[in-house]
Each structure stands twice: as C-alpha cells, then as structure tokens.
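This report concerns only the one structure given below.
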Amino acid sequence: MGFTIEDLADGVLVRVLDARLDAAQAIRFKDRLREVVARDGPRIVLDLSRVEFMDSSGLGAILAIRRGLPETHRLEVAALGPNVDRVFQLTRMDTVFTIHKAAPPATPRPAPSRPAPAEAGAAAAAQGGAA
Numbered sequence: 266m267g268f269t270i271e272d273l274a275d276g277v278l279v280r281v282l283d284a285r286l287d288a289a290q291a292i293r294f295k296d297r298l299r300e301v302v303a304r305d306g307p308r309i310v311l312d313l314s315r316v317e318f319m320d321s322s323g324l325g326a327i328l329a330i331r332r333g334l335p336e337t338h339r340l341e342v343a344a345l346g347p348n349v350d351r352v353f354q355l356t357r358m359d360t361v362f363t364i365h366k367a368a369p370p371a372t373p374r375p376a377p378s379r380p381a382p383a384e385a386g387a388a389a390a391a392q393g394g395a396a
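The numbering of the sequence shown is the numbering used here, which starts it at 266 and goes up by one.
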C-alpha cells in the first residue's frame, strides 16, 4: 500500500497511491498509516482520489486509524471517487467523517538529504578516513 505525505499548515495530507483499499491491503495500510498519525497532525487528510475500489476492510482500516488518534487529532477524507463515496454513504460514515470534495493544497516533503559523493569523500578525508 503506497502513499505519499505532504505538509499542510495544520497537519499532513496523505495521498493514497493504490487503486484498491480492500482486505488484501487493509492491515498493511492501517499499520503504516498509524506510524504517520503518531508523529504528525493534528489534522490528517486522506486523499482517496486514486482509490477506485474500497471494501468494508478498507473502511474498517480507516475507522481503526481514526479511533487510535489522540484526542487532539482529527482524520478527514478528500476526493472520493463515486465507488468510494458510495461506501461512505451506504455505511453512513459520511456523517462521521469530514469529507472534502478535493484535497487541500499541500507542500511535498523534501526527500532526506544525502551528501553528494564529493562531499562525502571530503568529510571522510577530514576525519582521517578514506572515501
């Protein structure tokens, strides 16, 4: 289950990259997302625009994440496609979650910086080692 994390002024935007959020993905999704919500917040927005299919296991994973949030955090969903929106409506989860028509604007997180090879060699030489 892939996703990216982008910064919002008051939390993070999690863009789900897979087309399915079902029983095969739900446990892994829930475990990985719990790591995110443990360190980020207070607002977590799930961008589900790429998710074309979600079953009850996928919805259960999202609910489990919501239940595990600290009281100061909130989980919102955004950009639901027709099939995913139907799941939220049929289960009345559209009355539980804040649902945005589109994902809010966010700033991608930069990749962790690594020294360029020349910098790494110079640093090692300065410490008396070889590059």
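Backbone N, C-alpha and C define an ideal beta-carbon position, used for all residues, glycine too.
| query | Do residue 325 and residue 299 have their C-beta atoms within less than 9 Å of each other? | reply | On the sequence shown, position 60 is the one that residue 325 refers to. On the sequence shown, position 34 is the one that residue 299 refers to. Taking 9 Å as the Cβ cut-off, residue 325 and residue 299 do not qualify as a contacting pair.
| request: List the endpoints of the continuous beta strand (DSSP E) containing residue 268. | output: What you label residue 268 is simply residue 3 of the sequence shown in a count that begins at 1. For residue 268, the enclosing beta strand (DSSP E) covers residues 268-273.
| field | Proximity below 9 Å, CB of residue 397 to CB of residue 347 | value | Within the shown structure, residues of the chain are numbered from 266 to 396, placing residue 397 beyond reach of any answer.
| request: Report the three-state DSSP secondary structure of residue 327 (helix, strand or coil). | output: Residue numbering aside, residue 327 sits at position 62 when the sequence shown is read from its first letter. In the structure shown, the three-state DSSP call for residue 327 is helix.
| message | I'd like to confirm the pairing. Which residues does DSSP put opposite residue 341 in its beta bridges? | response | Working through the sequence shown from its first residue, we reach residue 341 at position 76. According to DSSP, residue 341 bridges with 310.
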